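In my numbering, the protein residues as written are 4 to 260. Glycine included, every Cβ here is placed at the ideal spot set by N, Cα and C. Bear in mind that the values here come from a model prediction, so they are computed numbers and not experimental data.
Okay, here's the thing in structure tokens:
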């Protein structure tokens, strides 16, 4: 079997521009239209890593207009077998603080999106009981903790359509169901990746506490932006270390994580 161009990709809300060496930008034509941006492939410690910014490099694509099918298809076409998916998230638990990381193990879809499958014209039913594969989750949690991040291992993320944030009633309902996080991007990405046999690990950076009952102020775009600005440089550097270690595992053992 020939070497794939790249095995591991970071699919995030913020870019990794300037953090890789010997980069090339690849525009991929897909049956589902254009990707959010060109895919950037470069070297990190001798490993080929790809990244794609789901909201565009100028952050000009709102969550409900992200062409997730094109993005996932394009990464698959380059040989990607593992996706790291950092995403800003609101915590529905007061004990899970702003600035911490959650690597969820479960997902609830509340987006209402219909562009969430590659199987529109076939009688295929995907097994999706565990949306975030356990091997990838374990590896990511271990590496993040080794790099001094506070990491919550497991939790249920509820994906909403956006671009608006939740009402107080919605937020109370999500929390009452026992769900832990709310975000606007992991679905339909996770399901689409699963359909193509790609391991997808969500890395949720807690930027706010949504509007859970004990929070006197609602989440705002400015609030989320402040946390992203203060944390993402360090997180981006750490996730490249994670990507390199995952690439070593995939290459040496031929096991997707």
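{"Asked": "Comparing alpha-carbon positions, which option in 86, 194, 171 lies nearest residue 249?", "Found": "86"}
{"Asked": "List the residues that DSSP assigns as beta-bridge partners of residue 28.", "Found": "43"}
{"Asked": "Have a look at 19, 97, 110 and flag the residue whose alpha-carbon is nearest the alpha-carbon of residue 193.", "Found": "110"}
{"Asked": "Using only CA atoms, which one of 19, 206, 212 lies nearest to residue 62?", "Found": "19"}
{"Asked": "Taking Cβ to Cβ, would you say residue 31 is nearer than 8 Å to residue 77?", "Found": "yes"}
{"Asked": "Using alpha carbons as the reference points, say which of 34, 188, 245 lies closest to residue 123.", "Found": "34"}
{"Asked": "Can you name, in chain order, every residue of its own chain whose Cβ lies under 7 Å from the Cβ of residue 55, other than the five neighbours on each side?", "Found": "12, 14, 38, 39, 40, 42, 74, 78"}
{"Asked": "Would you list the residues sitting across from residue 109 in a DSSP beta bridge?", "Found": "159"}
{"Asked": "Three-state secondary structure (DSSP) at residue 127?", "Found": "coil"}
{"Asked": "Quick one: Cα of residue 44 to Cα of residue 251, how far?", "Found": "17 Å"}
{"Asked": "Report back the beta-carbon spacing between residue 10 and residue 83 to the nearest angstrom; my notes put them in contact at under 8 Å.", "Found": "7 Å"}
{"Asked": "Just how far apart, CA to CA, sit residue 185 and residue 66?", "Found": "13 Å"}
{"Asked": "Within 10 angstroms of its Cβ, does residue 155 collect 16 or more other Cβ (buried), or is it exposed?", "Found": "buried"}
{"Asked": "What three-state label does DSSP hand residue 85 in the structure shown?", "Found": "strand"}
{"Asked": "First and last residue of the beta strand (DSSP E) that includes residue 203?", "Found": "202–211"}
{"Asked": "Helix, strand or coil for residue 64? Go by DSSP, reduced to three states.", "Found": "coil"}
{"Asked": "Which value, in whole angstroms, describes the spacing of the CA atoms of residue 6 and residue 179?", "Found": "Confidence is the limiting factor: at residue 6 the pLDDT is only 48, short of 50, which leaves the residue's position unreliable, though a coordinate-based value still follows. Roughly 48 Å separates the two Cα atoms."}
{"Asked": "Using 8 Å as the threshold, is the C-beta distance between residue 183 and residue 238 below it?", "Found": "no"}
{"Asked": "Are the stretch 135–144 and the stretch 198–205 in contact at 8 Å, needing three or more beta carbon pairs?", "Found": "yes"}
{"Asked": "Look up residue 52 in the DSSP assignment and give the residues it is bridged to.", "Found": "11, 45"}
{"Asked": "Would you tell me roughly how many angstroms separate the C-alpha atoms of residue 46 and residue 26, rounded to the nearest one?", "Found": "7 Å"}
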